[in-house]
Amino acid sequence: MINPVCWFEIYVNDLQRARIFYETVLNIKLTDFHNPDSSQDIQMKHFPFDMQLYGATGALVKMEGVLAGGNSTIVYFNSDDCAIEQARIESAGGKIHQTKMSIGEHGHIVLAIDTEGNMFGIHSMK
1 MINPVCWFEI YVNDLQRARI FYETVLNIKL TDFHNPDSSQ DIQMKHFPFD
51 MQLYGATGAL VKMEGVLAGG NSTIVYFNSD DCAIEQARIE SAGGKIHQTK
101 MSIGEHGHIV LAIDTEGNMF GIHSMK
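Its first residue numbered 1, the sequence shown is counted upward by one per residue in UniProt numbering.
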């Protein structure tokens, strides 16, 4: 059996503001994801990925009729030490909801709110 999550989408109201936030906090580059269905008003920036490696990837999505900030699902980004990303969150325009905390043998997490009102997490083993 494989891990069940294969894709995620983080809905945003301002795609460029959200792109800058996640690129700054995670120290990555997001790239355009072209929608093959031109009948929908949808813009996407996808997170880096390698189909040969373990883990899910996803995209920031701006779509007519879908607002950001529902917070019914939390995406956790992997990190070597989540304190590193925590230090970048507020200066990138986000808010810390929960500073780095231990989750026992499962490592550590940080919970934060991005520039669009979405809650997300950072996970690390140290």
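Glycine residues also receive a C-beta, built at the ideal position from the N, C-alpha and C atoms.
query = Going by alpha carbons, who is nearest to F47 out of Q98, A18, G69 and I109?
reply = Within the sequence shown, numbered from 1, the residue matching residue 47 stands at position 47. Nearest C-alpha to F47: A18.
task = Output the boundary residues of the beta strand (DSSP E) element that contains V75.
result = Here the question's residue 75 lines up with position 75 in the sequence shown. Note, V75: beta strand (DSSP E), V75 to N78.
ask   = Within 10 angstroms of its Cβ, does G94 collect 16 or more other Cβ (buried), or is it exposed?
value = Your numbering for residue 94 matches position 94 in the sequence shown. By the Cβ neighbour-count rule, G94 is buried, with 16 or more other Cβ atoms within 10 Å of its own.
ask   = Taking the alpha carbon of I122 as the point to measure from, which residue in E90, E105 and D81 has its own alpha carbon closest?
value = As a first step, residue 122 must be located in the sequence shown, where it is residue number 122. It is D81.
task = Let me know the beta strand (DSSP E) ranges lying completely inside the UniProt domain "VOC" (4-125), each 3 residues or longer, listed in chain order.
result = 7-11, 31-33, 42-46, 57-63, 75-78, 95-102, 108-113 and 119-124
Backbone CA spacing between I74 and T24 [nearest angstrom] = Your numbering for residue 74 matches position 74 in the sequence shown. Your numbering for residue 24 matches position 24 in the sequence shown. Using only the alpha carbons, I get a separation of about 19 Å.
key: Close beta carbons around Y76, own chain, < 6 Å, minus the five adjacent residues each side   = In the sequence shown, the residue the question calls residue 76 occupies position 76. Answer for Y76: G121 and H123, listed in chain order.
Contact belief for N118 with N71 at Cβ below 8 Å, rounded distance in angstroms = Along the sequence shown, read from residue 1 onward, the residue named residue 118 stands at position 118. Along the sequence shown, read from residue 1 onward, the residue named residue 71 stands at position 71. Contact holds; Cβ gap of about 7 Å.
ask   = Using the C-alpha atoms, what's the distance from E105 back to E64?
value = Indexing the sequence shown from 1 puts residue 64 at position 64. Indexing the sequence shown from 1 puts residue 105 at position 105. Going from the Cα of E64 to the Cα of E105 covers about 42 Å.
query = Can you tell me the Cα-Cα spacing of L67 and S91, whole angstroms?
reply = Start at 1 with the first residue of the sequence shown, and residue 67 comes out as number 67. Start at 1 with the first residue of the sequence shown, and residue 91 comes out as number 91. Approximately 24 Å between the Cα atoms of the pair.
message = Quick check: what's the CA-CA separation for I89 versus F33?
response = Position 89 of the sequence shown, counting from 1, holds the residue named residue 89. Position 33 of the sequence shown, counting from 1, holds the residue named residue 33. Their backbone Cα atoms lie some 25 Å apart in a straight line.
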